[in-house]
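As structure tokens, the structure follows; a few thoughts come after it.
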Amino acid sequence: MKITVLNGSPKGKASVTMQYVRYIQQNHPEHEFVVHNISYEIKKLEKNTAAFDAVIADIKTSRAVLWATPVYVCLVPSQYKRFIELVHDKKAARAFAGKYAVSLTTSIHFFDNTAHEYLNAISDDLGMKFAGSYSADMFDLVHRLHQAKVLQFAEDIFTVIEEKRPVAKKYLSLKTRAFAYVPSKPAGKIDTAGKNIVVCTDVSKKGGNLDKMVSRFRDAFGGHVDVFNIRDINIKGGCLGCIKCGYDNVCAWTGKDDFIDFFNSRIICADILILAGEIRDRYLSWQWKQFFDRSFFNTHRPVLKGKQIGFIVSGPLGQIPNLRQILEAYTQWHQANLIDFVIDETGTSREIDARIDSFAKRAVEYASRGYLRPATFLGVGGTKIFRDDVYGKLRFAFLSDHAYYKKHGVYDFPHKNYKMRLTNAMFTLMMRIPKFRKKIIGGMKYGMLQPFKRIVGEWR
Ligand SMILES: Cc1cc2nc3c(=O)[nH]c(=O)nc-3n(C[C@H](O)[C@H](O)[C@H](O)COP(=O)(O)O)c2cc1C
310 MKITVLNGSP KGKASVTMQY VRYIQQNHPE HEFVVHNISY EIKKLEKNTA
360 AFDAVIADIK TSRAVLWATP VYVCLVPSQY KRFIELVHDK KAARAFAGKY
410 AVSLTTSIHF FDNTAHEYLN AISDDLGMKF AGSYSADMFD LVHRLHQAKV
460 LQFAEDIFTV IEEKRPVAKK YLSLKTRAFA YVPSKPAGKI DTAGKNIVVC
510 TDVSKKGGNL DKMVSRFRDA FGGHVDVFNI RDINIKGGCL GCIKCGYDNV
560 CAWTGKDDFI DFFNSRIICA DILILAGEIR DRYLSWQWKQ FFDRSFFNTH
610 RPVLKGKQIG FIVSGPLGQI PNLRQILEAY TQWHQANLID FVIDETGTSR
660 EIDARIDSFA KRAVEYASRG YLRPATFLGV GGTKIFRDDV YGKLRFAFLS
710 DHAYYKKHGV YDFPHKNYKM RLTNAMFTLM MRIPKFRKKI IGGMKYGMLQ
760 PFKRIVGEWR
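Here the working numbering = 1-based position in the sequence shown + 309.
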């Protein structure tokens, strides 16, 4: 059986993910694996029609496509995203229709789920039959247990494909509406209260809904609002995955393009940061993905801490909860505050105007009060993954993060809480004695309210 492997790693053959593919290949020589280094060769695929067509030709003659990719900022690398957009732009989607699709990623399990959901949705949109996914932690394959798991996964997938088993479509097609937003003049002007407001957009069509929503947002204020189009910034390419930044946050692209200067001079100084984009497939544009990936020179440090972040989105975001989760997670792990989303998916122009005004007011109010809502699982869970990995296996590669985490108290491991350890030791011992256990369990309900007594009084 012929399988086309679309390698998403910008490192090409020197990819961790590809070692998993090689392992499967070595154990199943009866199958033919044709590998295309998509992200590594993206510039060629963009410009050279023959190179792009060669990939598509292999897909046409394959039984399945393996999306094999690292997870980059909760999704796939920007170069891979670019390829997915190219497939549609170059009208090559038909080559994928009816083929089985499989996703295989390596990562540290930080929003690997959203990357897989994305690939599942993309496959469904291409009319493929999504047969399954496998999410490995980077170094899983060195363990025998995981070697067995990888092969079990591969064998299951081969069976599904060989027996032509049916698979259900998980994602329904997106419904977009033909709606031209016509903004009206703001009734009054909102005071910026001395806050630095920065809007980053990827507007591609002058006079389109996104362009008009961004302008309407800017016009809602009495003071100055900076608006930058990320398409106008000289960005030479996506993140290379070289991890040079891990030591001191100096990116391999330093001095070669303008992204780092832009980020350090325009983004870092914002009090209120608005990110505005159009939906492209099941995410924003690849240019936005490139922006997020290239921001990785800051590694795992929450450099947007304390900022107010909001999103202006044109397109069917309400039908893509996966993307919404990614954007919420972005604000949360950065320890920023999510203002809200303004979307043109529903409502009249007048309603959108009102939402923009409310959004703008809240942005300034939150910034003035220094309001930061507590993180949910997205921020709390994500930060714990970074904490554990930077403390552990990633430490020497990310010494800059290690220094930051030590200084800012990110290493809040429970074993450092001596009072809690003493309490646990005492109560663990008491729980082993039936008489005390009964008493402790009986008093648990109200016992849990004890710490609140001095704040809100007796529970009654
Ligand atoms: C720019 C960048 C962004 C990353 N983002 C994530 C992420 O969001 N979640 C995660 O679990 N790992 C993330 N990683 C880690 C990679 O997914 C992981 O190192 C992967 O194994 C690399 O695979 P490769 O060698 O095939 O490129 C990121 C790495 C880089 C360089």
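Think of the CB as a built atom: it goes at the ideal place given N, C-alpha and C, for glycine as much as any other residue.
- Under DSSP, K311 forms a beta bridge with E341.
- Between the alpha carbons of C548 and V622 lies a gap of roughly 24 Å.
- Annotated three-state conformation of F537 is strand, per DSSP.
- Take R696, set aside five residues on each side of it, and the residues of its chain with a beta-carbon closer than 6 Å to its own are V719, in chain order.
- In the structure shown, G546 adopts coil according to DSSP, grouped into three states.
- Annotation for T378: the continuous beta strand (DSSP E) segment containing it runs A373 to P379.
- Put simply, the backbone Cα of C578 is about 19 Å away from that of Y713.
- For L413, the uninterrupted beta strand (DSSP E) run begins and ends at Y409 to S416, by DSSP.
- The continuous alpha helix (DSSP H) containing Q599 extends over residues W595 to R603.
- The C-beta distance from F405 to I368 rounds to 6 Å, short enough to meet the 8 Å contact threshold.
- Listed as beta-bridge partners of L384 by DSSP are Y381.
- Here A672 really is in contact with I648; their C-beta atoms are around 5 Å apart, less than 8 Å.
- The distance from the Cβ of F572 to that of S604 is about 6 Å, consistent with a contact at the 8 Å cut-off.
- With a cut-off of 8 Å on Cβ pairs, the stretch 625-638 is in contact with the stretch 478-486, counting three or more such pairs.
- Here S524 is not bridged, per DSSP, to any residue.
- At a threshold of 8 Å, G701 does not count as near ligand 1, since its beta carbon sits no closer than that to any of the ligand's heavy atoms.
- Nearest Cα to D421 within the set S432, A430 and D446: D446.
- Taken through DSSP and simplified to helix, strand or coil, D721 comes out as coil.
- Rounded to the nearest whole angstrom, the CA to CA distance from E767 to Q759 is 9 Å.
- DSSP, read as helix, strand or coil, puts C551 in coil.
- In this structure, L428 is the residue among T468, Q456, L428 and F448 with its C-alpha nearest to the C-alpha of K479.
- Across the structure, S658 and F650 are spaced so that their CA atoms are roughly 16 Å apart.
- The secondary-structure analysis by DSSP pairs L647 across a beta bridge with I618.
- Contact between I470 and M310 holds: CB atoms are separated by about 7 Å, below the 8 Å threshold.
- With a cut-off of 8 Å, the C-beta of K670 is classified as distant from ligand 1, since no heavy atom of the ligand falls inside that distance.
- By the Cβ-count criterion, P319 is buried, with 16 or more other Cβ atoms from all chains shown falling within 10 Å of its own Cβ.
- Bridge pairing for L584: C509 and F620 [DSSP].
- Shortest gap from the CB of T378 to any heavy atom of ligand 1: under 8 Å.
- Sequence-distant partners of K598 (beyond 5 residues in either direction) whose C-beta falls short of 6 Å from its own C-beta, in its chain, are S387 and K390.
- In the structure shown, the three-state DSSP call for Y480 is coil.
- In this structure, C509 sits near F600, with a CB-CB distance shorter than 9 Å.
- For the pair Q335 and K438, the Cα-to-Cα distance works out to about 25 Å.
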